[in-house]
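Undergrad: Got a structure for you, written out below as structure tokens; questions coming shortly.
Protein chains in written order, with my numbering: chain A, 610 to 868; chain B, 11 to 311.
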């Protein structure tokens, strides 16, 4: 790995992208029949599955409900085969608990929970293949699954990770959007931002990896924000296609009933 | 040693729903999108106001009735309306009522005063009746009921005060999404092939032998709580019921609406496959397409 540069002298990254290019996003909604909503999302080589159950009544632990809004429960887990080394990850460990808490906060501010008093919404996320930006891909997949379940949201929640390539040859350090695994592990800061693009508001911001100087925060955050807006365009197109397809099938079959 | 056939398919060969042309995408709204409005609008379900603008909160079609604008999502949990027929499962026996799971956001309630007492008497419910509640309906029983009332938080109150509602005995329950069931005048159908179907508005569909429903209507004095589990259902009836279940799942898979005509057509189109073949995905799509085609021909006439 010595001598591997994040940004080559031609301005290309390790996987051949330009600094402001996102990886290819492929997604599918309604992949499971048992949960109320489900989605599968691929961001480059990162593959995530999301399943949403709810809103439904809380059965056993009545204390975990709010009287005026819904209780949101997110569970993040990585499959044992998701990384290059097969690693058994226990469910309740610190790292996934922290991820769960972050996801709870994000979706509590995006879902219109005041419509569902005393109910509970469960969101389950599973990372099948981890190639960088796992958390962002999870947030995007969960948004699609919530839309599939028909749960009202204020806006799409789109998430993107950006980093800063170190300066080379006197040029200022360039911010790069949508990091993959190699860029994450080579060092350098990773700024993870989740936004509601149409409302232009940030719901979650996290910095991991090395420290980031104050003067660099603005360009890196700006890059992440535009990355999230671009991701929203892709997700929006996928949602429209899916809804149009289902409506088409329903219209063709529903016409016979009125006759 | 006998080895059964194993069916292996490649994921890339999976058949998807047919693609749609672009001009049909116009009335769709996605969460966070502005809805063009007229003055003095009223906002309905699926929307929210952000300052002056009206924005969508679900992905679906815009429905406008005069000044009421609402967005209807494709899939959602069952939202009860008064007068709907539902099929539900008892989950809890409480002091003067039963809690029923009907695939809604909150559990529905069946009050003791909303059921017919055995013997058909009309009297005030006493404390003996409360103790005998478990003899009428236990946890795990399936019932068919009608929505009497909707509480403020959205929970439904059911009643079984007619002879056609009550405990369901032998049959098969199929769960589909509530939006696939059309609202009709009659939800109890007796199909010509010897089976009877109850299409619950909440997405629960109950299939039973035709004699099952008649029996309920005959036992007038029992008020619909007798469950005849000893009666043996003949094999031909069982096959009809299994085939109907697979047809309903095939129609639901292709997102087609379920009502008596579409189920009957799907059943007839499925006769060229065996009952087990109907579980294969490409056969399901095939049956759904043939049914769609037949329904189209119906309209063309």
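Where is the CB? At the ideal position from N, CA and C, for every residue including glycine.
Computed from a predicted structure; not experimentally measured.
#1: So, is the C-beta of residue 760 of chain A closer than 9 Å to a C-beta in chain B?
#2: What ranges does the alpha helix (DSSP H) occupy inside the segment 670-728 of chain A, keeping only unbroken runs of at least 4 residues that lie completely in it?
#3: Based on Cα-Cα distance, which residue from B:115, B:114, B:112 and B:135 lies nearest to residue 123 of chain B?
#4: Using beta carbons (cut-off 9 Å, strictly below), is residue 866 of chain A in contact with chain B?
#5: Straight-line CA distance for residue 149 of chain B to residue 84 of chain B?
#6: Select from the segment 92-112 of chain B all residues with a C-beta closer than 7 Å to any C-beta belonging to chain A, and list them in chain order.
#7: Under 8 Å between beta-carbons, which chain A residues line up against residue 41 of chain B? List them in chain order, please.
#8: Just verifying my parser: in three-state terms, what is the DSSP assignment at residue 592 of chain A?
#9: The beta strand (DSSP E) that contains residue 159 of chain B, what's its start and end?
#10: Quick one: using the 10 Å Cβ neighbour count with 16 as the cut-off for buried, is residue 245 of chain B buried or exposed?
#11: I need the straight-line Cα distance from residue 641 of chain A to residue 66 of chain B, nearest angstrom please.
#12: Helix or strand or just coil, what does DSSP make of residue 641 of chain A?
#13: Mind checking residue 284 of chain B: buried by the 16 CB within 10 Å criterion, or exposed?
#14: Between residue 151 of chain B and residue 183 of chain B, what straight-line distance do the alpha-carbon atoms span, to the nearest angstrom?
#15: Would the segment 772-782 of chain A count as touching the segment 75-83 of chain B if we require 3 or more Cβ pairs under 8 Å?
#16: Could you tell me the alpha carbon to alpha carbon distance between residue 89 of chain B and residue 303 of chain B, rounded to whole angstroms?
#17: Check whether chain B comes within 9 Å of residue 680 of chain A, counting only Cβ atoms and requiring the distance to be less than that.
#18: So, under 8 Å CB-CB, residue 652 of chain A and residue 632 of chain A are touching, yes? Tell me the CB distance rounded to an integer number of Å.
#19: Can you pull the chain A neighbours of residue 71 of chain B, defined as C-beta to C-beta under 9 Å?
#20: Taking the alpha-carbon of residue 18 of chain B as reference, which of B:107, B:291 and B:275 has the nearest alpha-carbon?
#21: In whole angstroms, what is the alpha-carbon distance linking residue 273 of chain B and residue 105 of chain B?
#22: If contact means a Cβ-Cβ distance below 7 Å, which residues of the segment 198-216 of chain B contact chain A?
#23: Could you tell me the alpha carbon to alpha carbon distance between residue 230 of chain B and residue 131 of chain B, rounded to whole angstroms?
#24: Starting from the beta carbon of residue 725 of chain A, find every residue of chain B whose beta carbon is closer than 7 Å, and list them in chain order.
#25: Could you confirm whether any beta carbon from chain A is found closer than 9 Å to the beta carbon of residue 229 of chain B?
#26: In chain order, what residues of the same chain have a beta carbon less than 7 Å from the beta carbon of residue 819 of chain A, not counting five sequence neighbours either side?
#27: With 16 as the cutoff for other CB atoms within 10 Å, does residue 306 of chain B come out buried or exposed?
#28: Under 8 Å by Cβ, that's how I've got residue 615 of chain A and residue 831 of chain A pegged, so tell me the actual separation to the nearest angstrom.
#29: Counting only beta-carbon atoms, is residue 266 of chain B nearer than 9 Å to chain A?
#30: So, does the segment 745-760 of chain A touch the segment 651-665 of chain A, judging by three or more C-beta pairs under 8 Å?
#31: Would you kindly check if the distance between the Cβ of residue 161 of chain B and the Cβ of residue 169 of chain B is under 9 Å?
#32: Taking beta-carbon pairs under 9 Å, can you tell me which members of the segment 653-669 of chain A lie near chain B?
#33: When the distance is taken between beta carbons, is residue 267 of chain B closer than 9 Å to residue 192 of chain B?
#34: For residue 230 of chain B, which three-state DSSP category applies?
#35: Taking Cβ-Cβ distances shorter than 9 Å, what residues in chain A pair up with residue 168 of chain B?
#36: Out of A:772, A:703 and A:756, state which residue places its alpha-carbon closest to the alpha-carbon of residue 788 of chain A.
TA: Checking against the coordinates, here is how it stands:
#1: With its beta carbon less than 9 Å from one in chain B, residue 760 of chain A belongs to the interface.
#2: Along the length of the segment 670-728 of chain A, whole alpha helix (DSSP H) runs at least 4 residues long occupy 703-719, reported in chain order.
#3: For the residues B:115, B:114, B:112 and B:135, the minimum Cα distance to residue 123 of chain B belongs to B:135.
#4: Note that residue 866 of chain A scores a pLDDT of 48, beneath 50, so its modelled location is shaky; the value from the coordinates is reported in the next line. Under the 9 Å criterion on CB atoms, residue 866 of chain A is classed as interfacial with respect to chain B.
#5: Rounded to whole angstroms, residue 149 of chain B to residue 84 of chain B spans 32 Å at the Cα level.
#6: The residues in question: there are none.
#7: Correct list: 756, 761, 762, 763, 764 and 765.
#8: The first residue shown for chain A is 610 and the last is 868, placing residue 592 of chain A beyond what the model contains.
#9: Where residue 159 of chain B is concerned, the enclosing beta strand (DSSP E) starts and stops at 152-160.
#10: Residue 245 of chain B is exposed by the Cβ-count criterion.
#11: Straight-line spacing of the CA atoms in residue 641 of chain A and residue 66 of chain B works out to 25 Å.
#12: Residue state, collapsed to three classes: coil.
#13: Exposed, since its Cβ has fewer than 16 Cβ neighbours within 10 Å.
#14: A straight-line Cα-Cα distance of about 12 Å links residue 151 of chain B and residue 183 of chain B.
#15: Look at the beta carbons and you see the segment 772-782 of chain A not touching the segment 75-83 of chain B: under three pairs across the two are nearer than 8 Å.
#16: Roughly 31 Å between the two C-alpha positions.
#17: Cβ-Cβ to chain B under 9 Å: no for residue 680 of chain A.
#18: Contact between residue 652 of chain A and residue 632 of chain A is confirmed by a C-beta separation of about 5 Å, below the 8 Å threshold.
#19: Think of a sphere of 9 Å around the beta carbon of residue 71 of chain B: the chain A residues whose beta carbon falls inside it are 852 and 856, in chain order.
#20: Out of B:107, B:291 and B:275, B:291 has the C-alpha closest to the C-alpha of residue 18 of chain B.
#21: Distance between the alpha carbons of residue 273 of chain B and residue 105 of chain B: 40 Å.
#22: Taking 7 Å as the Cβ-Cβ cut-off against chain A, none of the residues of the segment 198-216 of chain B qualify.
#23: Because the pLDDT at residue 230 of chain B is just 39, under 50, the model does not fix this residue reliably, and the value given afterwards should be weighed accordingly. Taking the straight line from one Cα to the other gives about 12 Å.
#24: Within chain B, the residues near residue 725 of chain A are 115.
#25: Residue confidence for residue 229 of chain B is low, a pLDDT of 43 falling below 50, so the modelled location carries little weight and cannot support an answer.
#26: Taking residue 819 of chain A as the centre and dropping the five residues before and after it, the same chain places the C-beta of 796, 797 and 798 closer than 7 Å to its C-beta, in chain order.
#27: Label assigned to residue 306 of chain B: exposed.
#28: By a beta-carbon distance limit of 8 Å, residue 615 of chain A does not contact residue 831 of chain A. Their separation comes to about 19 Å.
#29: At a cut-off of 9 Å between beta carbons, residue 266 of chain B contacts chain A.
#30: Output reads yes: the segment 651-665 of chain A touches the segment 745-760 of chain A.
#31: Taking a C-beta distance under 9 Å as the contact criterion, residue 169 of chain B and residue 161 of chain B do not qualify as a contact pair.
#32: Under the 9 Å Cβ criterion, the segment 653-669 of chain A contributes 663, 664, 665, 666 and 668.
#33: Going by C-beta atoms, residue 192 of chain B is nearer than 9 Å to residue 267 of chain B.
#34: Note that residue 230 of chain B scores 39 on pLDDT, short of 50, meaning its location in the model is unreliable and no value can be drawn from it.
#35: Residues of chain A whose Cβ lies closer than 9 Å to the Cβ of residue 168 of chain B do not exist, since the nearest Cβ in that chain is about 15 Å away.
#36: Nearest to residue 788 of chain A by C-alpha distance, out of A:772, A:703 and A:756, is A:772.
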